[in-house]
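**Student:** Have a look at this one.
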Amino acid sequence: MNETVSLTTVLLWNLGVTLIFVLVFNLLHGRQRLKSEGFNEEYIEFIRKMEGRTALITWVSMLLLQVVSFFIVSLFIEKMTFKLYIKIVFLLAITLAVIIRFFFDKHIYKRQKELAIRTGSEIVVDFNYKILHKIFKPLLEIIATVVVLAFTLTSLRNIPHSDDNFIIYFYLLFIWYFYISLKSAKNMIMPQFESAYRLKARFMFLFNAILILLVFSNSMEAVEAGKFALMDYIFLTVVIALLVAKFAVYIKGYKSLKKSLPERNAGI
Amino acid sequence: MFKIVFNSPVPIYEQIANEIKKEIESGGIKLGDPLPTIRGLASQLDIAVNTVARAYLELEKAGLIESSGRKGSFVKMASPVNDEELKKAFKKPILQLLQSGMTREQIENLFKESLKLFFE
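Chain order of the listed sequences is A and B.
First residue of the first sequence? That's 1 in the numbering used here, and the numbers climb one at a time after it.
First residue of the second sequence? That's 1 in the numbering used here, and the numbers climb one at a time after it.
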């Protein structure tokens with residue numbers, strides 16, 4: 001974690017991430033896959049073009065920001081460690097990616113509306129966000145978020161690498177990001193709606209699972225360091241119970257999401 | 001969930017009103033359930049606020065919803081049900097009462113007593 005990171009290493013990492021990204025992008029937005037999901041040619045072209053453009057702009061901006069912040073940080077400190085790189089550069093880059101995504105989403109919704117008008121497509125609307133709330137129960141999420149934050153700020157405050165806990169907040173933010181991006185989605189036709197909901201629900205499971213592991217692993221570190229008091233154990237039990245409950249809600253919600261979508265799809 | 005076609009010959013406000021009516025009839029939205037706010041639904045559908053307001057006004061005129069100022073709009077009328085649906089709904093509780101050992105007369109009396117709660 002304390003190894004020095006050079007600009008070449010940063011660029012090589014980015015190249016690696018790009019290759020993975022291109023692979024995932026093609027997997028998710030491949031022509032055949034989109035066709036099997038029920039999209040017509042016009043929509044396939046649109047999705048590939050818009051998503052490709054957004055991904056390219058995000059990637060270029062992230063890379064530029066990483067290089068710029070790398071130089072700025074290097075001016076103030078002697079060596080750029082891996083930990084610092086992750087904290088400052090990577091965090092900034094991801095924040096920027098989210099902002100760009102939001103900006104592009106607005107643009108995409110506008111274009112989607114134009115396409116829907118041109119093709120006479122049916123727009124689907126999640127009335128009262130009922131389907132979204134099958135996978136994401138805001139009340140439980142709010143309680144879990146508050147408790148996890150309180151736990152990391154109190155019980156995990158004194159562990160040897162407590163400053164690494166920021167990554168926990170990061171995962172929490174991702175789950176909320178998926179929720180907000182689904183809630184603000186507009187002008188989607190049925191295959192888009194279905195695929196967006198399923199994909200983001202899967203990511204919500206994944207991030208929640210990682211969150212449980214992170215909280216558990218950090219707590220174990222604190223236990224080993226002898227920094228855990230009885231109250232901390234009680235707090236940990238509550239946090240894990242809440243996250244597991246959230247996980248169970250996701251699984252139950254995803255099952256009902258899978259059931260409800262084809263039924264509604266058939267009527268369209 | 002409902003569907004809207006932007007360039008349909010049916011006006012959008014009418015499509016919204018019809019979709020909400022369908023939701024009420026199918027039981028998707030129940031008596032007393034809140035409807036999305038006019039602004040919220042307009043933003044979700046990416047259309048003008050006035051269009052949603054007009055749809056809500058049509059539903060209010062039809063007696064399906066009621067608007068109570070800042071509290072928002074709520075479903076006013078229960079979804080219409082036919083005789084067959086009612087018979088189906090009664091079947092399960094009657095079977096349970098029979099299984100618990102009650103006679104026809106006792107069930108009829110119980111039903112009458114329950115009705116009194118609403119009509120007396």
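Every residue gets a Cβ at the ideal spot worked out from N, C-alpha and C, and that includes glycine.
Measure the C-alpha to C-alpha separation of Met-62 (chain A) and Asp-33 (chain B) and round it to an integer number of angstroms.
**Tutor:** Straight-line Cα distance between these residues: approximately 45 angstroms.
**Student:** Provide the residue(s) that pair with Ser-103 (chain A) in DSSP beta bridges, ordered along the chain.
**Tutor:** Position check: residue 103 (chain A) holds Phe in this sequence, whereas Ser was assumed. Paired residues: none, contrary to the question.
**Student:** What residues match up with Pro-36 (chain B) in a beta bridge as DSSP calls it?
**Tutor:** Answer is none; Pro-36 (chain B) lacks a bridge partner.
**Student:** On the DSSP bridge list, what partners appear for Val-75 (chain B)?
**Tutor:** B:Ile-65, per the DSSP bridge assignment.
**Student:** Which residues of the region 38-50 of chain B have a Cβ closer than 7 angstroms to any Cβ of chain A? Give them in chain order.
**Tutor:** Going along the region 38-50 of chain B in chain order, one finds Gln-44, Leu-45, Asp-46 with a Cβ nearer than 7 angstroms to chain A.
**Student:** Would you identify the three-state DSSP class for Phe-76 (chain A), choosing helix, strand or coil?
**Tutor:** Three-state DSSP puts Phe-76 (chain A) in a helix.
**Student:** Please name the residue in A:Ile-20, A:Val-124, A:His-107, A:Gln-66 whose C-alpha comes closest to that of Met-50 (chain A).
**Tutor:** Out of A:Ile-20, A:Val-124, A:His-107, A:Gln-66, A:His-107 has the C-alpha closest to the C-alpha of Met-50 (chain A).
**Student:** Examine chain B for any beta-carbon lying closer than 8 angstroms to the beta-carbon of Lys-38 (chain A), and answer yes or no.
**Tutor:** Note that residue 38 (chain A) is Gly in the sequence shown, not Lys. For Gly-38 (chain A), the answer is no, since every Cβ of chain B falls outside 8 angstroms of its Cβ.
**Student:** Could you tell me which uninterrupted alpha helix (DSSP H) segments, each at least 4 residues in length, are contained entirely in the region 103-137 of chain A, listed from first to last along the chain?
**Tutor:** Within the region 103-137 of chain A, the complete alpha helix (DSSP H) runs of at least 4 residues are 132-135.
**Student:** Under 8 angstroms between C-beta atoms, does Met-102 (chain B) make it to chain A?
**Tutor:** False, the Cβ-Cβ gap to chain A never drops below 8 angstroms.
**Student:** Using the three-state DSSP reduction, which class does Val-10 (chain B) fall into: helix, strand or coil?
**Tutor:** DSSP places Val-10 (chain B) in coil when its eight states are reduced to three.
**Student:** With H, G and I counted as helix, E and B as strand and the rest as coil, what does DSSP make of Lys-200 (chain A)?
**Tutor:** Helix at Lys-200 (chain A).
**Student:** Helix or strand or just coil, what does DSSP make of Phe-90 (chain B)?
**Tutor:** Of the three classes helix, strand and coil, the one that applies to Phe-90 (chain B) here is helix, per DSSP.
**Student:** Can you give me the C-alpha to C-alpha distance between Phe-74 (chain B) and Arg-39 (chain B), rounded to a whole angstrom?
**Tutor:** Cα to Cα, Phe-74 (chain B) sits roughly 15 angstroms from Arg-39 (chain B).
**Student:** Roughly how many angstroms lie between the CA atoms of Phe-247 (chain A) and Val-238 (chain A), to the nearest whole one?
**Tutor:** Taking the straight line from one Cα to the other gives about 14 angstroms.
**Student:** According to DSSP, is Phe-228 (chain A) helix, strand or coil?
**Tutor:** Of the three classes helix, strand and coil, the one that applies to Phe-228 (chain A) here is coil, per DSSP.
**Student:** Which class does Val-5 (chain A) belong to by DSSP, given the choice of helix, strand or coil?
**Tutor:** The answer is coil: DSSP assigns Val-5 (chain A) none of H, G, I, E or B.
**Student:** Against chain B, does Tyr-254 (chain A) count as a neighbour if the rule is that its beta carbon must be under 8 angstroms from one of theirs?
**Tutor:** Tyr-254 (chain A) does not count as touching chain B.
**Student:** Please report the distance separating the alpha-carbon of Val-223 (chain A) from that of Leu-19 (chain A).
**Tutor:** Distance between the alpha carbons of Val-223 (chain A) and Leu-19 (chain A) is about 39 angstroms.
**Student:** Along chain A, in chain order, which residues have C-beta atoms closer than 8 angstroms to that of Pro-36 (chain B)?
**Tutor:** Correct list: Phe-127, Asn-128.
**Student:** With DSSP collapsed to three states, give me the class of Ile-159 (chain A).
**Tutor:** DSSP places Ile-159 (chain A) in coil when its eight states are reduced to three.
**Student:** Can you check which of these residues, A:Phe-102, A:Ile-117, A:Phe-104, A:Arg-101, is closest to Glu-42 (chain A) by C-alpha distance?
**Tutor:** That would be A:Ile-117, whose Cα lies nearest to the Cα of Glu-42 (chain A).
**Student:** Note the first and the last residue of the continuous beta strand (DSSP E) segment covering Phe-2 (chain B).
**Tutor:** From DSSP, the beta strand (DSSP E) with Phe-2 (chain B) extends over 2-5.
**Student:** Under 8 angstroms, do Gly-120 (chain A) and Val-10 (chain B) count as touching if we go by C-beta distance?
**Tutor:** Their beta carbons are not under 8 angstroms apart, which means Gly-120 (chain A) does not touch Val-10 (chain B) by this criterion.
**Student:** Under the rule that 16 or more other beta-carbon atoms within 10 Å means buried, what is Met-231 (chain A), buried or exposed?
**Tutor:** Burial call: exposed.
**Student:** By DSSP, does Thr-81 (chain A) sit in helix, in strand, or in coil?
**Tutor:** In this structure, Thr-81 (chain A) counts as strand in the three-state DSSP scheme.
**Student:** For chain B, is any of its Cβ atoms less than 8 angstroms away from the one on Ala-209 (chain A)?
**Tutor:** Taking Cβ atoms only, chain B never reaches closer than 8 angstroms to Ala-209 (chain A), which makes this a no.
**Student:** Under the three-state reduction of DSSP, which class applies to Ala-97 (chain A): helix, strand or coil?
**Tutor:** Correct three-state label for Ala-97 (chain A): helix.
**Student:** I'd like to know whether the C-beta of Glu-45 (chain A) is nearer than 8 angstroms to at least one C-beta of chain B.
**Tutor:** Answer no: the Cβ-Cβ gap between Glu-45 (chain A) and chain B never drops below 8 angstroms.
**Student:** In chain A, which residues lie with their C-beta within 7 angstroms of the C-beta of Asn-7 (chain B)?
**Tutor:** Those are Ile-117, Gly-120, listed as they occur along chain A.
**Student:** Smallest Cα separation from Leu-213 (chain A): which of A:Lys-259, A:Leu-27, A:Val-148, A:Ala-201?
**Tutor:** Out of A:Lys-259, A:Leu-27, A:Val-148, A:Ala-201, A:Val-148 has the C-alpha closest to the C-alpha of Leu-213 (chain A).
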